[in-house]
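If you read the sequence shown in the numbering used here, its first letter stands for residue 10, the second for the next number, and so on.
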Amino acid sequence: MERNLAPGLFLLVLSLLAGCQRTSPLAITTAMVPQLRRTQALTGASSPETFGPIGEPKLLYQTNFTGQLTSTAAFNPIDNQYLIAWATCETSDWNFLLYAARLDTSGATSEKKVILTSENYDVHRPSLACNSITGENLIVWEAGGYPQLLGARLAQDGTFIGNSFDIPFDVSGYNYSKRRPDVGYNPTANDFLVIADDGWSSLGLVCQNVAANGSMLGSGFDPVEGNEFNGEDYQKLVFNSTRGEYLILHGLGAIGAQTYYAQRTKGDGEGIGASAPVEGSHPSAAFNPDTGEYLLVGATGGSLALQRIKSNLTTEWEVGQRSVIEAGGKPEVPAVSYNPSLNEFLVVWEDRANANTAIYGQRVSAAGVPVGSRMAIAQSGNNTLEDLTSNTTQGEYLVSWLNSLDGQDDLYAQRLGLDEGSVPSMWPLESSITVDHAGLRCLTLDWSPAIGAEAGYRLYQGGKLIASLATTSGSYTVSGLRPNTAYTFKIEAGNQAGIWSTDGPSIEARTLSICQLTQALIERINQLVTSGEIKEPRIKELIAPLRAILKKQDQKNSKAALNHLQKFISLVKPQKKHSLLSSDLAQSFLEDANALMNELQ
């Protein structure tokens with residue numbers, strides 16, 4: 010997104026400097042600004058070879074059993090770290106424990122910690138969401154053989170805040186167990202929504218709104234009227250930051266013959282309208298706030314269907330043409346996440362074509378089109394995809410999975426993103442390019458620094474490159490311009506790999522006319538009187554010929570204006586015995602006066 014300044018701002022040039030030259034260098038700061046955004050295409054960074062695993066997979070935990078570990082992950086934008094939580098049993102006594110560990114964006118992991126023990130009931134299928142305002146987390150999980158749902162607030166490091174609490178889902182007609190929870194966070198309302206299925210043979214979805222402090226907000230809702238699964242259950246929750254609502258993906262029908270639907274709900278879980286069918290099995294979705302669209306991904310035989318849909322789920326809800334990821338093999342249970350820094354999606358899935366299940370990933374553009382080829386994430390052993398989450402402050406993701414081998418489950422996490430050298434320089438949201446000085450035929454431009462501009466800067470005029478500048482540069486004087494003419498300038502930054510940004514700040518600026526420059530000289534003289542550099546009695550002597558120039562220019566009498574300009578020059582010449590100005594001041598005024606003379610002759 011380009012950030013344009015109002016064209017009239019350049020008129021604040023009362024501190025005119027001689028000939029568009031600066032009198033002191035611009036101080037450059039390189040402090041990291043946390044709020045970064047890149048909304049245009051990444052020049053040079055769209056090659057699939059530049060995107061992939063960052064470092065080696067992190068082994069978070071090893072169990073003594075298979076099929077007993079379930080996990081969840083969330084990104085915390087407050088401390089720029091991931092929190093991973095998992096439930097598993099240590100021994101054959103089936104005493105389940107709930108663990109947590111953090112992983113930062115350098116790849117370092119904190120020591121795992123037990124955050125809950127359960128001697129009397131299971132802890133299974135945890136789900137986690139981060140409160141992006143406070144940095145806390147809400148974790149929910151199944152508890153007991155006929156599971157009910159419990160929840161707890163977690164601090165940034167994963168430790169409990171207070172005690173766990175019951176999530177009752179007080180919905181009339183639903184009296185069975187609650188299973189397979191998912192949780193989302195709404196920053197607008199600063200609360201959470203928890204969904205689960207209810208019952209064993211006749212299953213239905215239930216929702217419960219939960220406050221940031223863990224208290225229940227109202228009663229629960231059945232968001233889908235007449236929702237009876239009678240078989241395999243499935244539900245996913247996606248938050249829509251534009252509308253402050255959620256999208257629930259769910260399945261209906263018997264095992265092996267399910268149809269999948271999308272259902273809108275209000276922030277509190279109350280359904281909006283009817284469900285709409287979606288393509289593919291076990292679909293996943295992510296929301297793009299820039300376009301106000303969802304990207305739906307579903308498994309369809311040997312490929313993955315990509316479907317962009319409007320967030321209101323109207324009858325004509327699809328946007329553009331559908332695309333597919335030619336995944337090869339037998340793709341199942343896809344997951345998708347949107348990254349605002351990259352302005353694109355990442356899709357990951359299990360490939361169940363062979364006895365051992367592999368995990369692959371694929372970048373997808375904001376337009377819903379695959380970028381490059383699929384990438385291998387985990388191939389050896391039998392792998393089960395656990396979670397996918399996006400780092401919302403920079404261009405990377407975290408994918409977690411279980412690797413089952415030799416009778417045990419190993420929990421891994423892998424960061425995915427652009428190679429460090431292929432990430433373009435980033436411009437802070439408040440980045441700007443401004444006019445420090447305007448002259449008749451020149452403009453001096455200043456700009457705020459970009460992050461990671463190791464290769465320096467490129468300045469464009471009307472889309473044409475006019476200067477390549479060092480990384481320490483923060484100012485440049487453009488000369489050879491026409492008086493009283495508007496020009497457009499844009500600044501871009503390059504990283505150490507020579508990849509250049511495309512979303513640098515821009516400005517439309519105008520050179521001065523003869524009258525504007527003359528008036529600016531008058532204003533400057535007045536400022537010098539205020540500062541004591543010119544004595545009050547002499548001001549009229551200096552200003553009189555300048556005012557006469559303005560009058561003659563209004564009369565279109567350039568010859569007479571030139572005569573008055575020569576009078577002004579005679580007053581400020583430094584060699585004059587009784588010069589009104591110091592030598593340095595006189596020289597600066599003479600350069601502007603000579604520029605005026607060139608235009609008047």
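Every residue, glycine too, gets a C-beta built ideally from N, C-alpha and C.
Residue i: first and last residue of the uninterrupted beta strand (DSSP E) it sits in
i, result
"threonine 528", "At residue 528 the sequence reads glutamine, which differs from the threonine that was named. First-last for glutamine 528: 523-540, but that is the alpha helix (DSSP H), not the beta strand (DSSP E)."
"methionine 384", "379-387"
"threonine 119", "At residue 119 the sequence reads serine, which differs from the threonine that was named. First-last for serine 119: undefined, no H or E at that position."
"asparagine 391", "391-400"
"leucine 438", "Element bounds for leucine 438: n/a, residue is neither H nor E."
"lysine 187", "187-195"
"phenylalanine 230", "225-230"
"arginine 519", "515-519"
"alanine 164", "That residue, alanine 164, is in no beta strand (DSSP E); it is neither H nor E in DSSP."
"tryptophan 150", "146-152"
"arginine 252", "No beta strand (DSSP E) contains arginine 252, which DSSP labels as neither H nor E."
"lysine 275", "It is not in any beta strand (DSSP E) - lysine 275 carries neither H nor E in the DSSP assignment."
"tyrosine 406", "405-414"
"threonine 81", "79-85"
"aspartate 419", "417-427"
"tyrosine 91", "90-98"
Chain-order list of residues whose beta-carbon lies under 8 Å from that of residue i (same chain, five-residue window excluded)
i, result
"aspartate 299", "Thr48, Pro349, Asn352, Ala375"
"valine 42", "The pLDDT assigned to valine 42 is 30, lower than 50, so where the model puts this residue is not dependable, and the model offers no usable value."
"leucine 78", "Tyr70, Thr72, Trp95, Ala96, Thr97, Leu411, Asp418, Leu420"
"threonine 268", "Gly260, Leu261, Gly262, Pro286"
"arginine 450", "Ser488, Gly489, Leu490, Arg491, Pro492, Thr520, Ala604"
"alanine 198", "Gly253, Gly276"
Beta-carbon gap between residue i and residue j smaller than 8 Å
i, j, result
"glycine 144", "asparagine 195", "no"
"serine 616", "glutamate 335", "Outside the displayed span of the chain (10 to 610) sits residue 616, for which this structure offers no information."
"threonine 97", "threonine 118", "no"
"glycine 167", "leucine 261", "no"
"proline 62", "glutamine 423", "yes"
"threonine 527", "leucine 490", "no"
"arginine 317", "valine 328", "yes"
"tyrosine 255", "glycine 193", "yes"
"leucine 69", "lysine 121", "yes"
"isoleucine 308", "glycine 338", "In the sequence on display, residue 308 carries alanine and not isoleucine. For alanine 308 and glycine 338, no; Cβs fall outside 8 Å."
"valine 357", "proline 379", "no"
"proline 190", "cysteine 216", "no"
"leucine 137", "alanine 221", "no"
"isoleucine 534", "isoleucine 552", "yes"
"glycine 280", "phenylalanine 201", "no"
"serine 434", "proline 514", "no"
"glycine 153", "isoleucine 176", "no"
"methionine 606", "leucine 574", "yes"
"tyrosine 270", "serine 293", "no"
"asparagine 89", "threonine 114", "yes"
"leucine 107", "isoleucine 87", "no"
"aspartate 206", "phenylalanine 178", "no"
CB contact check: residue i to chain C, cutoff 8 Å
i, result
"leucine 202", "Checking the listed chains, one finds no chain C in this structure; it contains a single protein chain."
Neighbourhood of residue i by C-beta, 6 Å cutoff - its chain only, sequence neighbours within 5 removed
i, result
"leucine 468", "Ile475, Ala476, Tyr485, Ile500"
"phenylalanine 4", "Because the chain spans 10 through 610 in this model, residue 4 falls outside it and cannot be assessed."
"threonine 453", "Cys29, Asp445, His446, Thr486"
"tyrosine 347", "Ala295, Asn297, Phe354"
"proline 135", "Thr81, Ala94, Ala96, Ile148, Trp150"
"glycine 289", "Gly307, Ala308, Thr309, Ala314"
"threonine 497", "Gly471, Glu517"
"asparagine 400", "Phe84"
"aspartate 396", "Thr81, Ala82, Ser409"
"glycine 301", "Thr251, Ser320"
"alanine 557", "His573"
Span of the alpha helix (DSSP H), counted from its first residue to its last, around residue i
i, result
"serine 434", "Neither: serine 434 is in no alpha helix (DSSP H) and is coded neither H nor E."
"alanine 553", "548-563"
"serine 597", "592-609"
"serine 567", "567-581"
Spatial neighbours of residue i in its chain, beta-carbon cut-off 7 Å, leaving aside the 5 residues before and after
i, result
"leucine 425", "Gly61, Pro62, Ile63, Leu355, Gly370, Glu405, Tyr406, Val408"
"alanine 479", "Gly465"
"glutamate 341", "His291, Ala308, Trp358, Glu359, Arg361"
"serine 427", "Contrary to the premise, residue 427 reads as leucine rather than serine in this sequence. Same-chain partners within the cutoff: Ala54, Thr59, Phe60, Gly404."
Does the pairing of the region 457-464 with the region 409-424 give three or more beta-carbon distances under 8 Å? no
Please specify which runs of the beta strand (DSSP E), each continuous and at least 3 residues long, are wholly inside the region 292-373, giving them in chain order. 302-309, 312-319, 332-334, 340-348, 353-360
Note down, one range per segment and in chain order, each beta strand (DSSP E) of at least 3 residues found wholly within the region 440-500. Counting only runs of at least 3 residues, the region 440-500 fully encloses the following beta strand (DSSP E) elements, listed from N- to C-terminal order: 442-447, 452-456, 465-470, 473-478, 484-487.
Taking one C-beta from the region 512-520 and one from the region 532-552 each time, how about it: are there three or more such pairs within less than 8 Å? no
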